[in-house]
Structure formats: C-alpha cells, structure tokens
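One structure below.
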Amino acid sequence: MSTDIKNVAVIGAGTMGAGIAQVAAQSGYQVVLFDLEKGKAAEAKATIAARLGKSVAKGKISQEQKETLLEAMFCSETLADVAEADLVIEAIVENLEIKQSLFRQLEDLCKPSVILATNTSSISVTSIASALARPERCIGLHFFNPAPLMKLVEVVRGIASATDIVETGKSWVESCGKHAVITRSLPGFIVNRVARPFYAEGLRALECGVAEVQDIDTIMTQAGQFNMGPFELMDLIGHDVNYAVTKSVFDAYYQDKRFLPSLVQKELVEAGFLGRKSGRGFYDYSADATKPEVNIAPSCSVNVDWTLSLSGDWSQAPTFAKWVGLPITNTQSTQPCLEVNGVRVMPTQCETASQLSYQLEQPVVLVDYCQDYGSSDVIAIAPAIQNTEEQTKAVIGYFQAKGKRVIVLDDYPGLIAWRTWMMLINEALDLVNQKGASLADVDVAMKSGVNYPFGPIEQGQSLGWSRVLQSIENLQAFYCEERYRPSPLLRRFALQSQRGEK
Ligand code: NAI
1 MSTDIKNVAV IGAGTMGAGI AQVAAQSGYQ VVLFDLEKGK AAEAKATIAA RLGKSVAKGK
61 ISQEQKETLL EAMFCSETLA DVAEADLVIE AIVENLEIKQ SLFRQLEDLC KPSVILATNT
121 SSISVTSIAS ALARPERCIG LHFFNPAPLM KLVEVVRGIA SATDIVETGK SWVESCGKHA
181 VITRSLPGFI VNRVARPFYA EGLRALECGV AEVQDIDTIM TQAGQFNMGP FELMDLIGHD
241 VNYAVTKSVF DAYYQDKRFL PSLVQKELVE AGFLGRKSGR GFYDYSADAT KPEVNIAPSC
301 SVNVDWTLSL SGDWSQAPTF AKWVGLPITN TQSTQPCLEV NGVRVMPTQC ETASQLSYQL
361 EQPVVLVDYC QDYGSSDVIA IAPAIQNTEE QTKAVIGYFQ AKGKRVIVLD DYPGLIAWRT
421 WMMLINEALD LVNQKGASLA DVDVAMKSGV NYPFGPIEQG QSLGWSRVLQ SIENLQAFYC
481 EERYRPSPLL RRFALQSQRG EK
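Residue numbers (full-length UniProt numbering): 1 to 502.
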C-alpha cells in the first residue's frame, strides 16, 4: 500500500475505469467507482465479479479474496461520494472540455490534499490541469488495456505537476504491482510515440509493394522475435483506434513527417474494415477464411558445391557468423561478407543491394536482421537488380540447404526487421533527447507496455550506435525525407562510441 493514499475514486466505469477500479481494490485500497450513466458502475462491478468468479474456479484466487475485493469497491451514482478520496483517477470520455469541467468539480468537492489523475491517452495533461486552481496536484496515470493484466502505467508529468505528487503517483502505481515509468506530457507519452515506426515501417513496406502482409508479419515474429507482426497487431487494436492515435500524434507534433499516417490504413477505416472486431482488416477473420500463405521462395537446389568464405567484422550480426559456422578471414575489413559462389551476402545497413553491387562491382544479396539467425526458421533477403537469376538462386539454395525458409524481398533499403528496429531506436532516443523519459524507462515501457522482446535502447546499444546512425543516414540519403532524420542524441551516442566512451 502507498502510505499517503488509502481511498481511491475512479470516475467512469467503462473499459478502463472498471479495470483500474479492479486493480486498486485488489491492491488493498477502498474504491469508489462513479459513472454519469445510471447503473453503469454497478454493471461494471457485476462484470468484475463474474471475471473473479472464473479466477476462483481456476484456483487463481480464493473465494475470500474475491469477496474482500468486491467489498472494497463501492458503486456510486453521486459525484459527492468521491469527496474523501486521496487519489481520483478519471477515465471518462476523451474530450478536453468535459474532462476540464469534471476536474474543476472534483477540485471543489475533494480535500485539498487530493491527487487528481487522468487516464487520457491523447490529451495533454498540462491542458487538463490548466483548468484547476491547483494544477500542481494533477498528473496522468496512463493504464493500458486490459488494466488488470497489463503491467505498465505511464505516470505523466504536466508542466505544473509537483515533483512530490508525481513521485507519490509512481509509488501508488508500484504498490499495485505495476511498472511505473515517468514521462512528460508530450503527445503519445512513451509507448504510443515510440511504437509509431513499428506500424509505419510495416505499412510503408506494404505500400511500396516490397512484400505482402503475411510476409512482413512473419519476418517480424520469426526473425524479429516480436509477439505479433505489425498487421496482426493493428487488426487486434482496431484500425479506427490505431489510425486515430497516429493522426493525433501527427497533428500534435505539427504534422512532423515522421508520424505521417498511412493511406492504406485510412482506407481500411473508411471501408469499415476495422480488424478483428469487424471480422476484416488486413486479414479476413470470417469462419471460412483461410490464412494467406507466406511467400516462401521455391526450392533452389544448386548442383554445384558452394564456394564459401566469411570475412569482415560480424559484430553487427554475431549469430549469423556462428550459424554459418565458417572461420572468419580478413577481419581487418570492416564490411561483413559471406561469399557464396562469388555473390556477396551482406547484412543490410539501409543501403540497397543494387547500390552496393554497383560500388563493389560484384553481385550482392542483402540479408535482413534476425535476432538469432540460428533459431529463426525464416530469413529475408533482397538481391541486387544486376544479379543474374542463377547468382541469386545460389544464395537462396545455400540458405535452404541450411534449413531456412527464404523470403525474397524487393531491393528495399533496410529490409523489414532491421529498418523497423533502426526507426524504433531513433524515435526512442529522440523522446529521451526531448527529456520526455529516461533511457531506462523507455525500455521498461516498450517491454511491458507492448511486449517488445527488447527495449529500443538496449537494442541500440547492442547493435552499435554508429551502425544505427549510419543506417538512418542511409535512409535519409535514399529518400531525402525528413522522416528519416537522425536524432541529435543518436549522433552524440555514435560519436561517444567512436571515441570509446560508450
Ligand atoms: P469507455 O467509453 O469504455 O468508458 C467511458 C465511461 O465514462 C462511460 O461509462 C461513460 O458513461 C462515462 N462518462 C462519460 N462522461 C462522464 C462524466 N462526465 N462523468 C462520469 N462518467 C462519465 O471509455 P474507455 O475506453 O474506458 O476510455 C476512458 C479513458 O481512458 C479515455 O480518456 C481514453 O482515452 C483512456 N484510455 C483508453 C484506453 C483503451 O484502450 N480503451 C487505453 C488507455 C487509456
């Protein structure tokens, strides 16, 4: 239990409010749950009771725990019932004026020591607090859906929020067994901002015809070790919700091109293809639908012995060198290269295979990033347009002989997994650069808020800041778009690492 807080009030008994009330009650707090709509709070409590009944049946909690929790939750139809609360968490409709009006009423009703928190995901906490006589007592407590299950809560500091109030909010969240991360009231906070490239880069690859939805999802899950690919995840979240978040972050950052929404997603929303909930999104969820097949390259058995050599610095992809299992020669040369029958196979750094082939005067096949080349059952590659069919087939055949399913992409800078990671790392650093969150909190947020296999900061550190910078610069040179501009903090980290300081 948090020492300063005993009584909690939750305003709004919808999806989030009901979940937050459950979290507070099961953590030992007395909870008042209020909703403007008559009977809504009681309805939410009945739903919670039914859910807890299932947990009792499964032996996850005892009958006594269930009863204690429900006894701690009081459903109210009168706002004045929240007067004794030490902490009020608002989870009502996402509208600034309505939230401000509620907060003004709460300030009049509650004791002066109350902490007023909003669960908003897209409205500025600073704006909500500006309606108050004591804006220093207002913070954001941004839970994720479903609140009882999701571990992360973003504790949002508005410009006027007092430091001790932010710290008390954080301790309260931790007393509920959640991971609390502190963020400034910037659009998208941590998760909804840093995650944008995960969707945006998938959508862009699709729009450019580099691969199909199921191919991109497979690369991100098998090679990238993400729980879900961008398209399955967008279908699960709902395109109306995901598109609205992208648009709100884009507008809030004065139409910064880095957050540009996708026309493909807009069209899905216009069609009413909202994802799982409407039965159709990128995938078809109707009963008789079959899952689309991943575009795996057909077998390319090559009837010659491969001439193989591995050279260069493979610290970008040590698991590749290990998986190939050849001795590395010529480690002085910085460019990592596996030569298969005279074709240079190289990990991508966001140049194109055709560009490299032209420079090196040799056929080139680029390989996408795999978190672990040994265990991934797929490998994505992009051949240079100059390669003959036989040259590319030799590389495909070699990977197939080593047990991989090969996905052949168009010659696209950065391919899929590598490019997405580069942009996630750059975005995370840019947020830190704006003092939006600490390096450590960004990693916690992305791992526990959206279940990323690694935090973007630890991933950047392990892949090497200079390589990340080089990759983003290559994208920028290729597209001449400000979307691919390196964060100043990435530049600083790359410089420090070159000087051996990081
Ligand atoms: P919801 O529509 O399920 O529930 C909102 C509830 O608030 C309704 O029961 C409504 O009757 C009640 N309400 C509306 N105006 C009220 C007022 N003035 N006083 C008292 N009750 C009022 O909405 P949901 O999804 O629970 O979202 C609530 C808040 O949480 C929003 O600010 C949303 O942005 C935020 N949020 C939502 C997430 C989600 O995945 N649904 C995730 C994280 C934050």
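Think of the CB as a built atom: it goes at the ideal place given N, C-alpha and C, for glycine as much as any other residue. Treat the numbers as computed from the prediction; the structure is a model and nothing was measured.
Indicate whether residue i and residue j have their beta-carbon atoms separated by less than 9 Å.
i              : j                 : result
alanine 117    : glutamate 90      : yes
alanine 437    : valine 181        : yes
serine 122     : valine 249        : yes
methionine 446 : leucine 424       : yes
alanine 85     : valine 155        : no
tyrosine 358   : glutamine 386     : yes
leucine 52     : leucine 79        : no
leucine 469    : phenylalanine 493 : yes
glycine 449    : leucine 263       : no
alanine 131    : alanine 160       : no
Assign residue i to one of three DSSP states: helix, strand, or coil.
i              : result
arginine 499   : coil
residue 537    : Any property of residue 537 remains undetermined from this structure, which presents the chain solely from 1 to 502.
serine 76      : strand
methionine 346 : strand
glutamine 30   : strand
asparagine 7   : strand
leucine 260    : coil
aspartate 284  : strand
glutamate 339  : strand
glycine 53     : helix
threonine 420  : helix
isoleucine 328 : strand
threonine 388  : coil
residue 556    : What is shown of the chain runs 1 to 502, which leaves residue 556 out entirely.
glutamate 481  : coil
Going by DSSP, what residue range makes up the beta strand (DSSP E) through residue i?
i             : result
alanine 180   : 179-184
aspartate 143 : According to the sequence displayed, residue 143 carries phenylalanine and not aspartate. From DSSP, the beta strand (DSSP E) with phenylalanine 143 extends over 138-143.
valine 442    : Premise fails: valine 442 lies in the alpha helix (DSSP H), 439-449, not in any beta strand (DSSP E).
serine 309    : 308-311
valine 367    : 364-367
With distances taken Cα to Cα, identify the nearest neighbour of residue i among the options.
i              : options                           : result
proline 230    : Tyr199, Asn242, Arg485 and Lys6   : Tyr199
threonine 202  : Arg184, Val181 and Met228         : As written in the sequence, residue 202 is glycine, which differs from the threonine given in the question. Answer by Cα proximity: Met228.
valine 367     : Gln470, Ala417 and Pro327         : Ala417
asparagine 426 : Thr352, Asp35, Val194 and Asn242  : Val194
glutamate 389  : Gln355, Leu360, Leu233 and Val343 : Val343
arginine 483   : Leu475, Ala25 and Gln470          : Leu475
glutamate 107  : Asn95, Ile92 and Leu87            : Leu87
alanine 50     : Ala18, Gly500 and Gln400          : Ala18
threonine 221  : Ile115, Pro146, Tyr358 and Tyr373 : Tyr373
leucine 439    : Leu52, Gly449, Gln461 and Trp421  : Gln461
glycine 140    : Asn295, Phe189 and Ala289         : Phe189
glutamate 136  : Ser127, Lys6, Val10 and Val32     : Ser127
glycine 403    : Ser376, Thr420 and Pro383         : Ser376
valine 324     : Ser175, Pro488 and Leu310         : Leu310
leucine 326    : Ala211, Leu33, Gln65 and Leu338   : Leu338
tryptophan 421 : Thr392, Lys435, Val432 and Tyr452 : Tyr452
glutamine 434  : Glu473, Leu186 and Thr307         : Leu186
proline 112    : Phe34, Ala83, Val93 and Ser124    : Ala83
valine 114     : Leu102, Gln26, Asp4 and Gln65     : Asp4
On the DSSP bridge list, what partners appear for residue i?
i              : result
alanine 380    : Ile407
alanine 18     : DSSP lists no partner for alanine 18.
glutamate 43   : Answer is none; glutamate 43 lacks a bridge partner.
isoleucine 115 : Leu87
valine 155     : Leu141 and Ile182
glycine 275    : Arg280
Can you tell me where the alpha helix (DSSP H) with residue i in it begins and where it stops?
i              : result
alanine 147    : Taken as a continuous stretch (DSSP letters only), alanine 147 belongs to no alpha helix (DSSP H), as it is neither H nor E.
tyrosine 199   : 196-207
lysine 247     : 239-252
alanine 223    : Premise fails: alanine 223 is in no alpha helix (DSSP H) and is neither H nor E.
isoleucine 296 : Element bounds for isoleucine 296: n/a, residue is neither H nor E.
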